[in-house]
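Data block below; observations after.
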Amino acid sequence: MEFEFTQGDPITEQEALAEAEKMGLHAVAYDTEHTEDTEVHWHEFNVNIWLISGEANFATPDGTVYEAKPGCRLTAPAGWLHQELVSSTHRLVVGTNIPAAEWTQPINKPAITALPA
143 MEFEFTQGDP ITEQEALAEA EKMGLHAVAY DTEHTEDTEV HWHEFNVNIW LISGEANFAT
203 PDGTVYEAKP GCRLTAPAGW LHQELVSSTH RLVVGTNIPA AEWTQPINKP AITALPA
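My numbering numbers the first residue of the sequence shown as 143 and each following residue consecutively.
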């Protein structure tokens with residue numbers, strides 16, 4: 143799986159949760175905001191994210207900035223390097239291949255640490 147960012151038509155939370163379930167993902171919906179840029183990091187899980195409302199910005203290590211609006215979808219493999227940028231409150235549906243209760247802490251793994259073997 144490679145990183146993919148697409149802009150689609152706005153989607154409701156219920157539609158995104160249903161889509162995640164059809165994909166066999168463990169999904170959760172929540173509001174978040176970033177008052178400062180995060181460090182470049184990665185996660186231990188594959189992820190599908192649907193932006194339900196608000197706007198969000200993130201960047202890849204090569205300096206590419208992505209501006210997400212309702213209907214945007216992000217699909218990324220475990221280990222994908224990125225950073226969240228300052229963004230006002232927005233609502234997401236996040237679907238992962240690992241249940242949230244099994245994520246190790248911290249969720250954001252520093253870019254300098256290697257993926258587990």
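The beta carbon of each residue, even a glycine, is placed where N, CA and C say it ideally should be.
No experiment lies behind these values; they were computed from the predicted model shown.
Contact under 8 Å by Cβ, residue i with residue j
i: H224; j: T202; result: yes
i: D151; j: G221; result: no
i: E155; j: A171; result: yes
i: N190; j: M165; result: yes
Beta-ladder partner(s) of residue i, from DSSP
i: L234; result: Y172, L193
i: L216; result: F147, I191
i: N239; result: DSSP, once it has assigned bridges, lists no residue as partnering N239.
i: N250; result: BP columns for N250 are empty, so no partner.
i: H183; result: H224, P252
i: E209; result: N199
Span separating the alpha-carbon of residue i from that of residue j
i: V235; j: T174; result: 11 Å
i: V207; j: N199; result: 7 Å
i: S195; j: A218; result: 20 Å
i: I153; j: G205; result: 28 Å
i: T238; j: S229; result: 22 Å
i: A169; j: L159; result: 6 Å
i: A253; j: A210; result: 23 Å
Whole-number beta carbon distance between residue j and residue i, since they are thought to touch under 8 Å
i: K251; j: E186; result: 7 Å
i: F147; j: L193; result: The Cβ separation is near 10 Å, so there is no contact.
i: E178; j: H232; result: About 16 Å; that fails the 8 Å criterion.
Touching by the beta-carbon criterion (3+ pairs, under 8 Å), the stretch 219-233 and the stretch 181-197:
yes
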